[in-house]
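In our numbering, the protein residues as written are 12 to 121. Glycine included, every Cβ here is placed at the ideal spot set by N, Cα and C. A short write-up of the structure that comes next.
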């Protein structure tokens, strides 16, 4: 399955990110109150790029694709970035740096 499709399919299974996507597609008071207070406070950091949810760490940051809580998907990304033929066999630090330029998920460094 293409990576983009795997990510968007996984959003439907992740209640946290599904609620954010619902709000961004239909920003009403009702959809906003369904979010937790910390999420409401950070909602301006989220955006939709087509069907992909993005997150910007701060105002000047390039938005990164949000990866939902799917262990297989996250493992696929780590594997693809770690073993990328163009970059050689990257170590932990370089793999994290490469991944975090394009993707975001909580506690990503672990």
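{"Query": "Neighbourhood of residue 19 by C-beta, 7 angstroms cutoff - its chain only, sequence neighbours within 5 removed", "Result": "62, 63"}
{"Query": "Candidates 111, 79, 12, of which the one nearest residue 23 by Cα", "Result": "79"}
{"Query": "Exposure label - residue 110; buried when at least 16 CB within 10 Å", "Result": "buried"}
{"Query": "Whole-Å CB distance - residue 47 paired with residue 34, under 8 angstroms assumed", "Result": "At roughly 12 angstroms, the Cβ-Cβ gap does not stay under 8 angstroms, so residue 47 and residue 34 are not in contact."}
{"Query": "Burial state of residue 31 (16 or more Cβ within 10 Å)", "Result": "buried"}
{"Query": "Rounded Cβ spacing between residue 67 and residue 56 (contact assumed at less than 8 angstroms)", "Result": "5 angstroms"}
{"Query": "Coil, strand or helix - residue 77 by DSSP", "Result": "strand"}
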